[in-house]
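J.: Residue numbers (this note's numbering): 19 to 347.
1. Looking at residue 255: is its Cβ nearer than 8 Å to the Cβ of residue 227?
2. Decide if residue 261 is buried, meaning its Cβ has at least 16 other Cβ atoms within 10 Å, or exposed.
3. Pick out whichever of 265, 326, 71 has its Cα sitting closest to the Cα of residue 34.
4. Here's a check: name, in chain order, each residue in its chain whose Cβ is nearer than 8 Å to the Cβ of residue 46, leaving out the five neighbours to either side.
5. Closest to residue 113 by CA distance: which of 252, 91, 119, 164 is it?
6. How would you label residue 132, buried or exposed, when you count the other beta carbons within 10 angstroms and need 16 or more for buried?
7. How many Å lie between residue 231 and residue 258 at the Cα?
8. Rounded to the nearest angstrom, how far is the Cβ of residue 277 from that of residue 264, given a contact under 8 Å?
9. Going by C-alpha to C-alpha distance, which of 304, 220, 78, 320 sits closest to residue 64?
10. Could you tell me the alpha carbon to alpha carbon distance between residue 58 and residue 93, rounded to whole angstroms?
11. Give the single residue among 310, 42, 89 whose Cα lies nearest to the Cα of residue 172.
12. With the cut-off set at 8 Å, would you say residue 221 and residue 141 are in Cβ contact?
13. Measuring only the C-alpha atoms, how far is residue 75 from residue 66?
14. From 81, 24, 32, pick the residue whose C-alpha is nearest to that of residue 60; which is it?
15. Beta-carbon separation of residue 300 and residue 161 under 8 Å?
16. What number of angstroms, rounded off, separates the C-alpha of residue 177 from the C-alpha of residue 309?
17. Examine the Cβ distances between the region 233 to 251 and the region 82 to 93 and report whether three or more of them are shorter than 8 Å.
18. Which residues does DSSP list as the beta-bridge partners of residue 166?
19. Can you say whether residue 187 is buried or exposed, counting buried as having 16 or more other CB atoms within 10 angstroms of its CB?
20. Given a threshold of 16 other Cβ atoms within 10 Å of its Cβ, counted over all protein chains shown, does residue 319 qualify as buried or as exposed?
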């Protein structure tokens, strides 16, 4: 038995739609249907009338619904009640790995000025957008901190999630001062992208893959620039790892400005283009599930709203508060 099966069932009972419920639970419809079936197998009873549109509960399903609702409430209440005294004030965070390095340390310092007892517990970065969002939906994390960009829509239902803009960054194409084009040929890295486009040659490219946030965003960017010829020579979903490879001259890479500020200042890395067309503007956004109304979560959220208008760094300013509630207020 898994708690998320109960939450899936309650959501389905509320919406009477498998597709709508899957969207709200941030999973594919086939995966959602499998989880409902797993719950039925565990219980030994059919809960949903198969083939009925809209979806209907069986008599067993109607009997089980209040049990599922009470169980969910009881388990979350028990978790909060049994929380050790040493964990008082602790909130659980899912965050993209890069943000734990570049943004969160300064941001947390700003938060602690108004709430000195603020403490965060980070769960491991799951490596993909949907996987990290699942931690929020499943209750493993109280908050999810991520980059956003219009090229990468996050399919979150506004009735179930609040979000707050807390910062900005940029994804920049950079290279080492000397870039290795192939085994025996090196060239200057500065504005190498402009040169490659003009002379129609292929660049070694350090890739994020296709499932990470940056991988998806860059895939959309590259689709608008078919003349960019690249050869992936290394793949890593973690920006810090790609930065290390970039500094060796292994290839061109798009990295967060906050992560490479020092390297650009000292000349260890250089801009790969003189055009802003290859830069992606990023917003840093904090998400929470509206169903999570514990004392610690609400206190942290309110503190984040107050602090979000205060700069925490020259190159990574916290943006003006943009609070978008489910009601659209």
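Cβ atoms here follow ideal geometry from the backbone N, Cα and C, with glycine treated the same way.
T.: With the structure as the only source:
1. yes
2. Buried: at least 16 other Cβ atoms inside 10 Å.
3. 71
4. Short of 8 Å from the beta carbon of residue 46, and not among the five residues preceding or following it, lie these beta carbons of its own chain, in chain order: 40.
5. 164
6. Residue environment analysis places residue 132 among the exposed positions, since fewer than 16 neighbouring C-beta atoms fall within 10 angstroms of its C-beta.
7. 14 Å
8. Between residue 264 and residue 277 the Cβ distance is about 10 Å, and since that is not below 8 Å, they are no contact.
9. Per the Cα distances, 78.
10. 20 Å
11. Ranked by how close their Cα comes to the Cα of residue 172, the residues 310, 42, 89 have 42 in first place.
12. no
13. 5 Å
14. 24
15. no
16. One C-alpha to the other measures close to 10 Å.
17. no
18. 301
19. buried
20. buried
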